[in-house]
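Notes follow once the structure below has been shown.
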Ligand SMILES: [Zn+2]
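Residue numbers (the working numbering): 6 to 678.
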């Protein structure tokens, strides 16, 4: 049954910390600071230098920050929980038995090492045995229904043009490196060469002689490079219009010849008849269809084999796991050692049985009172955002009214879902780790396909409760704060208002702002891609946002390497709005409950110091390069030193003046939300 749940917009509530005596109030940890640094020159170093020194990078991390530390603490709690179940599988049933069994299978290194690549041998033989293009087509369907996405991918999600309905959607895919530029740009040749060596090594690990492995690697790279050329680049992918091409299956067949779409869709969804779909990136699909029809069968075999080997590698013997880490961890991110087995296995169990694990996690570790407090905080922050929108000078009343409607309609999810997903249909047993992963993939795909023909379930969660993160989803117009993030240093149950508004308050305002960033603003209150802006208001918005693009494009993250202001625009708008909005909400909380200086810092100063602490992290150069290329978020350092100079209240709070490195001239500051 579809279940909807609306959080009404209520009047400003007093933040829950108000009646606590001052001496018991949790506040900033001064050890996080480096007070020898000049905060007007490098605020990040001042606010986070102590933390960075106390948390040096270990070999298993390419970046280690506040989020990772919290995730590690959560992981210890999950370990205790999962190991407890794993030790008692003989007496357990249901989800507990599944969790325990899967962990035991994953931890059994003796069995895994003895098996080698035996768990995928049958599938490799099936690929090698393909005789016709029709066989290749059928194999593609099978792979898409389970663990891999050769050539392209499909998914089922709300229709961006009609957000209450689920829609079958195609998407560009098919490459083993995480961005097209790795295949196409000279500057990434070292990574591409390492990737080729990696592909070859993995074929050899599967028993192919060297010469054959070399030939297969060439075949794989030929197909992946052709696909990379067809893919939209990552900045274009942020424009939802470019990836939304709704049409009937008949129209798709006409527009994208060379691939039997009718047969494909019928094979993927034999029960529900798909009549309409989104073709995703249309030009990619056209080129892909041609590529599929013209590529020799022998090349496709090598390419499918590689897709299978690469998906299975983390779940096979140590030789595969280490080789996989050597490329994706060591070469691409600069990690020097793998995480210990128990951590990898906890992550894997947590990924496969996320909600059942999450249900047990919240029962043990998430106090019900926290949920109520966060809901109140969200209301305060949302009210502040509405007031700031009403007062801004650059939007017309008509667009403001639509914006307020959208803000009011945002659905808020806190802690954990009201109803839990049913995992009884997933079979977990003691055959092989890979067999379990495969059954899970099939289970997950069928779950997704089961949504076809049904209305979108707005109560569904898209993150597990134990996750240290938060999200905004534009098509359901919802924000979500899992239990995992609702703890220090984001949220202090007895915290000083200044640090809670500088922490979780900014996170809440950040997520709300996503509904109004350069991408989110393209969706209306119901989650449809529907323009609710006047032309002039849109122009004003773009002009203001452009200041952030230019500012971030100038930031040098490593000598000669600049941040990508276009790629990170949505996140930078959300950080900018998050700070301004939550700061305004703090001012209201302070009116209700005045607090003065603590440890020599004013409430405003504590707010910004608390914000900076969220982004404390150490990071390797390789990871800076990788993230600058791929990540829509700015690096931690620049979420502080790049974002704060745009915020008037920050410059005032620390008396930063013209001539100070943290200063930005008023006409260059972005004032959006
Ligand atoms: Zn964000």
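For each residue, glycine too, the CB sits at the ideal point set by N, CA and C.
Where residue i falls, given that 16 or more other Cβ within 10 Å makes a residue buried
| i | result |
| --- | --- |
| residue 26 | Reliability of the predicted coordinates at residue 26 is poor, the pLDDT of 39 falling under 50, and the value obtained from them is presented with this limitation in mind. So residue 26 counts as exposed. |
| residue 89 | exposed |
| residue 63 | exposed |
| residue 164 | buried |
| residue 573 | buried |
| residue 262 | exposed |
| residue 40 | exposed |
| residue 13 | Because residue 13 sits at a pLDDT of 23, beneath the cut-off of 50, its placement in the model cannot be relied upon, and the following sentence gives the value as read from the coordinates. Burial call: exposed. |
| residue 302 | exposed |
| residue 439 | buried |
| residue 514 | buried |
| residue 35 | exposed |
| residue 540 | exposed |
| residue 229 | buried |
| residue 583 | buried |
| residue 80 | buried |
| residue 183 | exposed |
| residue 255 | exposed |
| residue 396 | exposed |
| residue 587 | buried |
Heavy atom of ligand 1 within 6 Å of residue i beta-carbon
| i | result |
| --- | --- |
| residue 576 | yes |
| residue 568 | no |
| residue 579 | yes |
Three-state secondary structure (DSSP) of residue i
| i | result |
| --- | --- |
| residue 183 | coil |
| residue 98 | coil |
| residue 338 | helix |
| residue 569 | coil |
| residue 68 | strand |
| residue 253 | strand |
| residue 169 | strand |
| residue 430 | coil |
| residue 474 | coil |
| residue 563 | strand |
| residue 681 | What the structure shows of the chain is the stretch from 6 to 678, and residue 681 is not part of that stretch, so it cannot be assessed. |
| residue 457 | coil |
| residue 552 | helix |
| residue 31 | strand |
| residue 315 | helix |
| residue 241 | helix |
| residue 164 | strand |
| residue 603 | strand |
| residue 211 | coil |
| residue 393 | helix |
| residue 649 | helix |
| residue 352 | helix |
| residue 223 | helix |
Beta-ladder partner(s) of residue i, from DSSP
| i | result |
| --- | --- |
| residue 176 | 158 |
| residue 487 | 420 |
| residue 528 | 534 |
| residue 624 | 68 |
| residue 500 | 31 |
| residue 283 | 174 and 251 |
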